[in-house]
Structures are given as C-alpha cells and as structure tokens.
Amino acid sequence: MHALEARLGVRLLTRTTRSVSTTEAGARLLEAVAPRLDEIGLELGPLTALRDKPAGTLRITAHDHTITTVLWPRLLPLLRDYPDVHVDFSVDYAFTDIAARRFDAGVRVGDRVDKHMVAVRLAPGQGMAVATSPG
C-alpha cells in the first residue's frame, strides 16, 4: 500500500497504532475497484503457481568456453528439474550492453563490469596456455 500511495502521491489509508481506515481517496478507489477484485483474484491464482514451477527462456551472453565449462555443468540439473525453463545462449566476446540487448545475464572473464550491473564470481580464475610444435 505504501508503494501505491507513493506512486499515486495520495494517502489511501489512515494508520494509527490501533486501527487502519480508508481516507476519502482510499474509499473512492476501493469503491471503483471492488467489483473487479474477484476477477483480479482469479487472474492472480494461476500466477502464484509460477512461483513453484519456473518457466520461460533465460537469455545469457557469454564466451563459448565459459558456456561449455562453467554454465552447462551448473544449468543441466536445473533444466532437468524444470523442463519448462529454456536457455538461449549468445556467444559474444564483446563487452555487451546486457540490458539494451535484453539479456537476463552476461558472463565475462575478468573484473570489467558496468557500474550498474551486479557481479558474482562463478568460478575460480583459470590459467590458459598456448602451445605449438615446430614445423
């Protein structure tokens, strides 16, 4: 209710230590939406079922090596448990704007992270070597 009041910029409820009652604006809103509350409740019911049964597509951008060695081993058990969850990988080596390209997550090597993103270490640092043979 606090969030709705803040969004509307109007107090809907009068709160005291012993009671809660509607303001004039709150009573007006309640009168307007009351006939639809049963309908809203019917629509919300199936949505709460989604809480217990995840579904949808998870879009992730990452390097191919990271997908193969870090992500797949961790995601396979989840995908087995939740068959309605699908993963869409985008192999990309650039510093991608995850939000603009509508990815749910992006995985990169190193510490370079946009200031608006949250970083979580998925694996310990890994060394790589390049070797060749003569001739």
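Under the UniProt record's numbering, the first residue of the sequence shown carries the number 1, and numbering increases by one thereafter.
The beta-carbon is built from N, C-alpha and C at its ideal position, and this holds for glycine as well.
Quick caveat: nothing in here was measured; it's all calculated off a predicted structure.
Q.
Can you tell me whether Leu71 is buried or exposed? The criterion is at least 16 other CB atoms within 10 Å of its CB, across all chains shown.
A. Only buried fits Leu71, as 16 or more other CB atoms lie within 10 angstroms of its CB.
Q | Sufficient close CB pairs (3 or more, under 8 Å) joining the region 98-114 to the region 43-61 | A | Segments in contact, yes.
Q: May I ask which residues mark the beginning and end of the alpha helix (DSSP H) holding Ala62?
A: Counting along the chain, Ala62 falls outside any alpha helix (DSSP H), though it belongs to the beta strand (DSSP E) covering Gly56 to Ala62.
**Q.** C-beta atoms of Asp92 and Ala55 nearer than 8 Å
**A.** Result no, Cβ atoms of Asp92 and Ala55 do not sit closer than 8 Å.
(Q) Suppose only complete runs of 3+ residues qualify. What are the beta strand (DSSP E) ranges in the region 50-122, listed by chain order? (A) 56-62 and 85-91
Q: Name, in chain order, the residues that DSSP records as bridge partners for Val20.
A: Arg15
Q: Would you mind sorting Gly26 into buried or exposed? The rule is 16 or more other CB atoms within 10 Å of its CB.
A: buried
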